[in-house]
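A short worksheet on the structure shown next.
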RNA sequence: GGGCGAAUAGCUCAGUUGGUUAGAGCGCCUGCCUUACAAGCAGGAGGUCGCAGGUUCAAGUCCUGCUUCGCCCACCA
């Protein structure tokens, strides 16, 4: 028999199997295979840096599902890919260049893009390494990058089609502008940050003299661009102010008083300064009232020439100077502290500047309508469900999407402008000449598309769309999307819309939203905050299996995880336990008398047609268990538990309860298999012969099955142990598992075994209470009451009670007498006496039993009260009443028993 | 302003459609190096389930209100 190293060394094992899986192409898709497809697309990680613990969580969930489905016989495609992440990458590359004293503009577009590609290669490799270390069973042979030619073509195709449909348009409009990145961004990329600021009250005198209106503003510097002052039409002052003009301070500009519903009469003075050039609300007011915007801040956030003496000042400095100037003229009336939210660019944290510019937009309403329908009909289901509502409310209030970015790194907008006739040409491929004037002076639009404009096609663009490929036919729609709740708007919703529009079907039927991984302070783990440990480091310390198991165990659906590396101890301990259990089972010196697992000439694997451990052994190892074996009750018991737990596990995975799934595995393996079964099997081993062979066969069959069931969560350690258990069976990662036969279930045996365990625990408890040395053998008497047939039920457990409770002389009898000088425990149906040969401290014993009695009496009274309540008996379902009656009988038995024991003590 | 989530043992968290004596891991206490595992084994202590009402035979679980923390959305001048 091969042997496992004494000390579990995850790092070495994991490295080894990563290589083996890759070399044997275990995860490479056979697109021709006849099995039912199961598809997951990996949310393509950004190439800006390395993965976080959050990625590790999502990756583990996906890998678990893929490995599970693969074992269940599905043809699994887990599609690998990465995202060019336009702004984020351009930003980091720019910064890296700047560190070398090189500016992007000096370098030029072409050279800069080369730098981006170099960056991509470097971080791509790093991410591949991280995913590999996690054990991700991705099909790398089909890896796609969002800027790959095929995908790019799909992006252009989509642009052209949507433009042709009239859904993409170009317009001068007020957009969210990031003065630091120098580009427009979408509404979704703006984070609002609660800020304490000031509300400044500024007086605008009437042009004709004789009074003033006071406006409230948080951004006094924009007053230079004011074109009106607005009031609510229902304002009491409205009549008197109709048609009045004001003189805009510092500029002398004459601006009108206007009336608009958008003004909240209760806010501030009820007068709103209207600055269409620098505020989205004001922009709309401006449109409604045909007021031309006055732009005073440029694309870098500096005051422009329009502002006279303020020109060239940064917007922050300008605020100070404008305030000072107003103060000087006595027009600054009041300054209040004021809490409000200010929009910041989610990538760089710079305060957003609303800015009027010419951009490309996508009309969303028509695209959203079918996306709303499919969610309402349940064709796309969110898990946990509440995310569905968040999706719907966003979709129902969707706004047009600004898709152009003033960047270099990304998909160039497929639009050309004719230098001769100014025609706009929208085309998938570079046009040779202007279709209108035949001119050849064509210039492509300088801008690129929002990164999400390529990601939203991700369920189908990597599979060859717009061609009608076999892959698309087989693997689209995908099965499940696993991602975080924070990108439902960015990505999930848009994928649903894109797929419905271009594929005519949903992109996936289930969206599983993972919790967000936070640090112990509750902050989201992110690259920019730098508060996420590198998964590679954790894996280096504890192994990927321990890390994965912990992540699964700690992540109830929809709940954020407060992650701290010490939590990985749970998984670390568990992995160690598995390792040692396997070492024990493999190290048993038993001649099994059967062919080596999977050996040529061994009998073919029969369908497991009975609950016998031998059948399970044959089925998973593919070789007969050999002649002359005998099984004990504990062998059948662990088989029954295995079957039950395997069924539970499947249910939990199917309902995405990975926390429950992990707990099921943990409890079964540790507590049932190790604590009880393996301990029990030692008795059989000692006995030798057929019984020892039976125990060994069972121990191996259950260990092997456990490796199969644990494999999706802990792929490496299970693979290693599997290779020892069944060296010729091939890799576990490629193993097809039919399941544990239901015939293994034996409810009656399980109930009896539970009784057995209760007795063992009670004796152990007694021993400990009276400080009997752990190794010392004692005699014990079990009094079973009269005529309930309990001694017969307990008969087969005698030997094992002796072994596990260290009892060398056991009497089990109806109405057995309590030996003098013994201590006792009352269970629900039996009494246990341990004669202690005079070492008992009666007072201690009395105290202990007194506590027990008090407790059981309280419980008993509670149930009694319930049963005496006529309304309960009348209204509760009969099975509940029945159950309560049984409970009462059991408890009062126990109570009386304890009371009597106590009495005997005097 | 609107919506959502959380509050259970010292700590981190489970607790599925209301129905046994509310569980686990860590930590703590006691005893064990019992030849698979001290990252372990055996035993144990520890909880008025955030607060106040309500529905019900029965509430940690359902309803209402409140408190604290967190998140999301909104043209918060």
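Numbering (my numbering), first residue to last: 1443 to 2348. Note that beta-carbon positions come from the ideal geometry of N, C-alpha and C, so glycine has one too.
Residues bridged to residue 1843 [DSSP beta-bridge criterion]: 1804
Can you tell me whether residue 1768 is helix, strand or coil according to DSSP? Helix at residue 1768.
Handout entry: Proximity winner among 1748, 2223, 1664 and 2174, relative to residue 2274 (alpha-carbon distances)
Key = 2223
ask   = Taking Cβ positions, are residue 2156 and residue 2028 nearer each other than 8 Å?
value = No, they are not a contact pair.
Task: Integer Cβ distance of residue 2070 from residue 2132, believed to fall under 8 Å - done: 5 Å
Under a three-way DSSP split, which group does residue 1670 fall into? Residue 1670 falls in the strand class under three-state DSSP.
Exercise. Please classify residue 1740: does DSSP put it in a helix, a strand, or coil?
Key: Coil at residue 1740, not helix or strand.
Practice prompt. If I'm right that residue 1672 touches residue 1709 with Cβ under 8 Å, what's the distance once you round it to whole angstroms?
Written response: Going by Cβ atoms, the distance from residue 1672 to residue 1709 rounds to 12 Å, so no, they are not a contact pair.
Notebook entry, point to check: From residue 1452 to residue 2153, what does the alpha carbon distance come to, in whole angstroms?
Noted result: 15 Å
Suppose you measure from the CA of residue 1997 to the CA of residue 1991; what does that come to, to the nearest Å? Roughly 10 Å between the two C-alpha positions.
Q.
How far does the alpha helix (DSSP H) with residue 1497 in it extend, from its first residue to its last?
A. Per DSSP, residue 1497 belongs to the alpha helix (DSSP H) from 1495-1513.
How many Å lie between residue 1508 and residue 1518 at the Cα?
6 Å
CB residue 1704 to CB residue 1576, shorter than 8 Å?
-> no
Can you pull the DSSP bridge partners for residue 1795? Answer is 1619, bridged to residue 1795.
Item checked: Which residues DSSP lists as bridging residue 1488, in chain order -> 1525
Between which two residues does the beta strand (DSSP E) containing residue 2302 stretch? Element bounds for residue 2302: not the beta strand (DSSP E) but the alpha helix (DSSP H), 2284-2310.
Does DSSP put residue 2040 in a helix, a strand or coil?
In this prediction, residue 2040 scores a pLDDT of 48, lower than 50, which makes its location untrustworthy; no coordinate-derived value is stated.
Legend entry - Residues near residue 2347 in its chain [Cβ-Cβ closer than 8 Å; skip 5 each side]: For residue 2347, where only same-chain residues beyond five positions count, the Cβ hits under 8 Å are 2284, 2287, 2288 and 2291.
Subject >> residue 1634 burial status per 10 Å Cβ neighbour count (16 or more: buried) >> reply: exposed
Query raised in the report: For residue 1867, which residues does DSSP report across the bridge?
Result: 1858
### Query
Measuring CA to CA, which of 1513, 1712, 2175 and 2080 is closest to residue 2189?
2080
Worksheet item: For residue 2197, which option in 2226, 1712 and 2187 has the closest C-alpha, if you only look at C-alpha atoms?
Response: Of the listed residues, the one whose Cα sits closest to residue 2197 is 2226.
Check your understanding: Which residues in the same chain have their Cβ closer than 7 Å to the Cβ of residue 2186, if we skip the five residues on either side of it in sequence?
Key -> 2053, 2081, 2082, 2084 and 2085
Which full runs of the beta strand (DSSP E) of 3+ residues lie inside the stretch 1623-1683, going along the chain?
-> 1625-1627, 1632-1647, 1654-1659 and 1670-1673
| field | Pick from 1465, 1929 and 1943 that is closest to residue 1958, judged by C-alpha positions | value | 1929
Nearest-angstrom Cα separation, counted from residue 1695 out to residue 1903: 54 Å
Report task. Helix, strand or coil for residue 2177, going by three-state DSSP, please let me know. Result -> coil
Practice task
Determine the DSSP secondary structure at residue 1460, reduced to helix, strand or coil.
Solution key: helix
- Where does residue 1687 sit, in a helix, a strand or coil, going by DSSP? Looking at residue 1687 - three-state DSSP - the assignment turns out to be strand.
Exercise. Can you grab the Cα-Cα spacing for the pair residue 1520 / residue 1581, in whole Å?
Key: Our two residues, residue 1520 and residue 1581, have alpha carbons roughly 6 Å apart in a direct line.
Exercise. Between the C-alpha atoms of residue 2258 and residue 2120, what's the straight-line distance to the nearest angstrom?
Worked result: 32 Å
For this session: Express the C-alpha separation of residue 1759 and residue 1638 in angstroms, rounding to a whole number.
Result: 18 Å
| query | Is residue 1905 near residue 1914, with beta carbons less than 8 Å apart? | reply | yes
Indicate whether the contact test is met: 3 or more Cβ pairs, each with one atom in the stretch 1560-1568 and one in the stretch 1831-1843, closer than 8 Å.
-> no
Q: Report the rounded CA-to-CA distance for residue 2241 versus residue 2329, giving the unit in angstroms.
A: 30 Å
Is the stretch 1550-1557 in contact with the stretch 1868-1883, if contact means three or more CB pairs nearer than 8 Å?
no
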